[in-house]
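For the sequence shown, my numbering gives the first residue as 4, with consecutive numbering after it.
Ideal Cβ positions, reconstructed from N, Cα and C, are used throughout, including at glycine.
What you are looking at is a predicted structure, and each value in this text was computed from that prediction instead of being measured.
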Amino acid sequence: MEQLIIDPAARLAMCGAAVFFMTGLITGVWKYYGIRTSPKAEAPYYTNIAHRAALLYSFSAILLAIFASLSALPDWLNLSSVAVLLFFFSSAILRYIQLGIKNETENQHLNPSNPTGELVFLSLLILGEVGGFLVLVIGFVMRLLQN
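The structure is reproduced here in structure tokens:
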């Protein structure tokens with residue numbers, strides 16, 4: 004467990020987990036408020052998504068911390084990978100919160116205001132999340148093979 008505090012990438016991931024979990028708790032209050040004040044007893048669609056995404060990403064960040072702390076790769080590479088992943092996790096949560104506040108859609112991809120920008124961003128998100136985690140997994144496997 005000490006490695007989660009010593010390792011820079013793991014420390015960043017644990018901080019991300021704390022922020023995401025607190026965001027999940029706060030959006031849970033917002034969700035409950037939406038349920039209590041809605042005639043249908045339903046929170047806005049993306050408020051619900053923001054709440055669940057924040058909670059799920061908090062545990063995903065803990066997973067990143069564990070893989071980073073067990074990686075045989077250099078600290079700078081693990082830290083970069085974790086930072087990219089946390090950036091895209093944060094971007095998703097913030098977008099869901101924004102859509103929950105507006106409460107205008109149940110499908111953000113149906114009529115995007117900038118289709119090209121959305122395509123570029125989602126492509127970068129896919130590369131960043133899959134690539135970032137792949138780096139951590141490779142570092143973990145390298146560590147396994149060393150022992």
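### Query
From L137 to I129, what distance separates their C-alpha atoms?
Residue mapping note: residue 137 aligns to position 134 of the sequence shown, counting from 1. Residue mapping note: residue 129 aligns to position 126 of the sequence shown, counting from 1. Their backbone Cα atoms lie some 12 Å apart in a straight line.
### Message
Give me, in chain order, the residues of the same chain whose beta-carbon lies closer than 7 Å to that of S72; leave out the 5 immediate sequence neighbours on both sides.
### Response
For the purposes of this step, residue 72 is identified with residue 69 of the sequence shown, where counting begins at 1. Around S72: Q6, L7, D10, A13.
### Task
Counting only the same chain and skipping the five closest in sequence on each side, list residues whose C-beta sits under 6 Å from that of N76.
On the sequence shown, position 73 is the one that residue 76 refers to. One point to set straight first is that residue 76 is Leu, not Asn, in the sequence displayed. For L76, where only same-chain residues beyond five positions count, the Cβ hits under 6 Å are G142.
### Message
On the CB-based measure, 16 or more other CB atoms within 10 Å of its CB, does L122 come out buried or exposed?
### Response
Residue numbering aside, residue 122 sits at position 119 when the sequence shown is read from its first letter. Per the 10 Å Cβ criterion, exposed.
### Query
Can you name, in chain order, every residue of its own chain whose Cβ lies under 8 Å from the Cβ of I96, other than the five neighbours on each side?
Working through the sequence shown from its first residue, we reach residue 96 at position 93. The answer, listed in chain order, is F23, T26, A53, A56, A57, Y60.
### Task
Buried or exposed for S74, please, with buried defined as at least 16 other CB atoms from any protein chain shown within 10 angstroms of its CB.
Start at 1 with the first residue of the sequence shown, and residue 74 comes out as number 71. Burial call: buried.
### Task
On a CA-only basis, which of Q111, H112, G134, F70 is nearest L147? Give me that one, please.
Taking the sequence shown and counting its residues from 1, one reaches residue 147 at position 144. The candidate whose alpha carbon is nearest that of L147 is F70.
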